[in-house]
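Enquirer: Below is one structure. I have some questions about it.
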Amino acid sequence: QNRTFSAKVFYTEGYRLRLMLDQMKSRFDLVPDVYKRMYEYDKENHTVYCETLYYYELKNHSVIETAQELFTHRNTIVYRLRKIKDMFHIDDAHESEKLIRLISLSLCLIQMNQDDIVLEHMHASDIFGK
Numbered sequence: 030q031n032r033t034f035s036a037k038v039f040y041t042e043g044y045r046l047r048l049m050l051d052q053m054k055s056r057f058d059l060v061p062d063v064y065k066r067m068y069e070y071d072k073e074n075h076t077v078y079c080e081t082l083y084y085y086e087l088k089n090h091s092v093i094e095t096a097q098e099l100f101t102h103r104n105t106i107v108y109r110l111r112k113i114k115d116m117f118h119i120d121d122a123h124e125s126e127k128l129i130r131l132i133s134l135s136l137c138l139i140q141m142n143q144d145d146i147v148l149e150h151m152h153a154s155d156i157f158g159k
């Protein structure tokens, strides 16, 4: 007797990450104001500054790798990064704040219902470059 199941199979790790992301979504209040402003700007102006900065951080400030990840010309990435620095005064020189930036930008992406972007890169090797 053959049975077909239409239910989706969730693996423990993926399910746990989804639950964590759902919990994080309700804690947008923890995001520093500068990233909230960027999030609001993205929403109002249909820009992708949060996503660009997120990948730029993940790719250890490599413009080329960020451009490849976003399927965008490197000059566009350079332009966006310049705009981000000018408009939001984000100083990415402090490596000690990388995790805060990544978590904040992750929360912004989650608020924009782009959970899949965050889930795709929720591995220590992606975040810490190991």
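Reading the sequence shown from the start, the letters are residues 30 to 159 in this note's numbering.
Glycine included, every Cβ here is placed at the ideal spot set by N, Cα and C.
1. Would S133 be called buried (16 or more neighbouring beta carbons within 10 Å of its own) or exposed?
2. For the alpha helix (DSSP H) containing L56, name the first residue and the last one.
3. Whose CA, out of H75, K54, V63 and M49, lies closest to the CA of D115?
4. Quick one, which of M53, I113, E149 and S125 has its alpha-carbon nearest Y68's?
5. Determine the burial state of V60: buried for a count of at least 16 other Cβ atoms within 10 Å of its Cβ, exposed for fewer.
6. Using alpha carbons as the reference points, say which of N89, L50, R66 and R45 lies closest to H123.
7. Does DSSP put N142 in a helix, in a strand, or in coil?
8. Do you know offhand how far S55's Cα is from V147's?
9. So for K72, helix, strand or coil by DSSP?
10. On a Cα-Cα basis, can you pick out the residue from F100, R47 and C137 that is closest to Y70?
11. Can you look up K88 in the DSSP assignment and give me helix, strand or coil?
Expert: Let me spell this out:
1. As a working mapping, residue 133 is identified with position 104 in the sequence shown. Buried, because 16 or more other Cβ atoms sit within 10 Å of the Cβ of S133.
2. Within the sequence shown, numbered from 1, the residue matching residue 56 stands at position 27. Here residue 56 is Arg; the residue named in the question, Leu, does not match the sequence. Unbroken run through R56: none, as it is neither H nor E.
3. Mapped onto the sequence shown, residue 115 falls at position 86. Taking only the C-alpha atoms, the option nearest D115 is V63.
4. Sequence index remark: in the sequence shown, residue 68 carries index 39 (1-based). Out of M53, I113, E149 and S125, I113 has the C-alpha closest to the C-alpha of Y68.
5. Residue 60 sits at position 31 when you count from the first residue of the sequence shown. It is buried - the Cβ of V60 has at least 16 other Cβ atoms within 10 Å.
6. Against the sequence shown, residue 123 aligns to sequence position 94. The shortest Cα separation from H123 among N89, L50, R66 and R45 belongs to N89.
7. Indexing the sequence shown from 1 puts residue 142 at position 113. Three-state DSSP puts N142 in coil, outside helix and strand.
8. In the sequence shown, counting from the first residue as 1, residue 55 sits at position 26. In the sequence shown, counting from the first residue as 1, residue 147 sits at position 118. So the alpha carbons of these two residues sit roughly 16 Å apart.
9. In the sequence shown, counting from the first residue as 1, residue 72 sits at position 43. Of the three classes helix, strand and coil, the one that applies to K72 here is helix, per DSSP.
10. Residue 70 sits at position 41 when you count from the first residue of the sequence shown. Checked all of F100, R47 and C137; the closest Cα to Y70 is C137.
11. Indexing the sequence shown from 1 puts residue 88 at position 59. DSSP places K88 in coil when its eight states are reduced to three.
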